[in-house]
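Asker: Attaching a single structure in structure tokens format; questions to follow.
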Amino acid sequence: MHSAWKVGLVLPAVALMVSGCVATRNWVTETVNKKEVEIDQKIGGVDSKVAAQSQRVDGVDTRLKTAEGGLVETGQVAKGARERADGAFTKADEVDGRLTRLWSNRNVRDLVETQQILFGFDKWELNDNAQTSLLSLVKEMKENVRLTVDLQGYADPVGTYAYNVGLSQRRVEAVRRFLVEKGVELPRIHLVGLGPITEKGTPNDQKRRVTVNLMVAKEN
Numbered sequence: 000m001h002s003a004w005k006v007g008l009v010l011p012a013v014a015l016m017v018s019g020c021v022a023t024r025n026w027v028t029e030t031v032n033k034k035e036v037e038i039d040q041k042i043g044g045v046d047s048k049v050a051a052q053s054q055r056v057d058g059v060d061t062r063l064k065t066a067e068g069g070l071v072e073t074g075q076v077a078k079g080a081r082e083r084a085d086g087a088f089t090k091a092d093e094v095d096g097r098l099t100r101l102w103s104n105r106n107v108r109d110l111v112e113t114q115q116i117l118f119g120f121d122k123w124e125l126n127d128n129a130q131t132s133l134l135s136l137v138k139e140m141k142e143n144v145r146l147t148v149d150l151q152g153y154a155d156p157v158g159t160y161a162y163n164v165g166l167s168q169r170r171v172e173a174v175r176r177f178l179v180e181k182g183v184e185l186p187r188i189h190l191v192g193l194g195p196i197t198e199k200g201t202p203n204d205q206k207r208r209v210t211v212n213l214m215v216a217k218e219n
């Protein structure tokens, strides 16, 4: 009887303990499951942030590549422009060198012959004899491109100095215009009007003239 009483006390206690253990296990399981869900959610959030950051990084990388491509293209354009500029400078140097040589040799010429083109008193028109002499000169100059002419205009001392300077210039211009009209290039003609010849011993009709010096450039 006494044993039965003990059993009656123990069984409820065991049942209570078993029930408590089951409840505890269920609570633990539920709590763990909640924590797992929270952790999964946090991991998912982290993954989303990582993915978004990765997209931003990819975007930055794409922009960097685009910028690099633009820089490469710009560099190629700049290189081409620099090469063209270098070529232009080289060409300019060549032209400058040629002009320098020509300028240095502008007076390196030899006298071939001298002709006197005479004019009437207070006249600057070319007469028939003057035109015939100049035509032979034109023929020589067309046959030899190294030939040039120096024209020096004069007048007699009759009248004012200023008037005679102008008259000598008009005579020079008449000769130059004739040569150009007959095909002589203008740069090959050098002219100056010197005014009246005042020296004694030369007749006045010989002072009304244009002296034509035919020159030949020396070989370089």
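Position 126 (the sequence shown) corresponds to 125 in numbering that gives the first Met the number 0; numbering is contiguous. From the three backbone atoms N, C-alpha and C, an ideal C-beta is built for every residue, glycine too.
Is the region 154-162 in contact with the region 180-196, if contact means three or more CB pairs nearer than 8 Å?
Answerer: Flag = yes, the region 154-162 and the region 180-196 touch.
Asker: Please report the straight-line C-alpha distance between LYS217 and GLU112, rounded to a whole angstrom.
Answerer: Approximately 15 Å between the Cα atoms of the pair.
Asker: Keeping to the same chain, check which residues put their C-beta closer than 8 Å to that of LEU134; ignore five residues upstream and five downstream.
Answerer: LYS181
Asker: Exposed or buried, VAL185, counting other C-beta atoms within 10 Å across all chains shown (16 or more means buried)?
Answerer: Contrary to the premise, residue 185 reads as Leu rather than Val in this sequence. Of the residues assessed, LEU185 falls on the exposed side of the cut-off, its CB having fewer than 16 other CB atoms within 10 angstroms.
Asker: Between the alpha carbons of TRP123 and VAL107, how many angstroms are there, rounded?
Answerer: Distance from the CA atom of TRP123 to the CA atom of VAL107, rounded to whole angstroms, is 31 Å.
Asker: Report the rounded CA-to-CA distance for CYS20 versus GLN40, giving the unit in angstroms.
Answerer: The pLDDT assigned to CYS20 is 46, lower than 50, so where the model puts this residue is not dependable, and the model offers no usable value.
Asker: Going by C-alpha distance, which of GLN75, ASP109, LEU178, VAL144 is nearest THR131?
Answerer: LEU178
Asker: Give a yes or no on whether the C-beta atoms belonging to LEU146 and VAL171 are separated by under 7 Å.
Answerer: The Cβ atoms of LEU146 and VAL171 lie no closer than 7 Å to each other.
Asker: For ASN212, decide whether its Cβ has a neighbour in chain B, counting only Cβ atoms nearer than 7 Å.
Answerer: The displayed structure is made up of one protein chain only, and chain B is not part of it.
Asker: Where does ASN128 fall in DSSP's three states?
Answerer: helix
Asker: Using CA coordinates, which residue listed in ARG207, ASN126, GLU142, LEU136 is at the minimum distance from LEU166?
Answerer: ARG207
Asker: Got a sec? Which residues, its chain only, sit under 8 Å from MET214 by beta carbon, not counting five neighbours each side?
Answerer: ARG108, ASP109, LEU110, VAL111, LEU146, THR147, VAL148, ASP149
Asker: Opposite LEU150 in the DSSP bridges: which residues?
Answerer: LEU190, VAL211
Asker: Between which two residues does the beta strand (DSSP E) holding GLU112 run?
Answerer: Taken as a continuous stretch (DSSP letters only), the beta strand (DSSP E) holding GLU112 covers 108-117.
Asker: Tell me the rounded alpha-carbon separation between PHE118 and GLU82.
Answerer: 59 Å
Asker: Name the one or two DSSP bridge partners that PRO195 has.
Answerer: ALA154
Asker: Using a Cβ-Cβ cut-off of 6 Å (strictly less than) and excluding sequence neighbours within five positions of ASN203, which residues of its own chain qualify?
Answerer: If we look at ASN203 and ignore the five residues flanking it on each side, its Cβ neighbours are ASP155.
Asker: With a Cβ-Cβ cutoff of 7 Å, do VAL209 and VAL174 count as a contact?
Answerer: yes
Asker: State buried or exposed for VAL183, treating a residue as buried only when at least 16 other CB atoms are found within 10 Å of its CB.
Answerer: buried
Asker: Which stretch, first to last residue, makes up the alpha helix (DSSP H) that contains PHE177?
Answerer: 160-180
Asker: With distances taken from CA atoms, which of GLU142, GLN115, ASN163 is nearest ASP121?
Answerer: ASN163
Asker: If I follow the unbroken alpha helix (DSSP H) through ASN143, where does it start and stop?
Answerer: No alpha helix (DSSP H) contains ASN143, which DSSP labels as neither H nor E.
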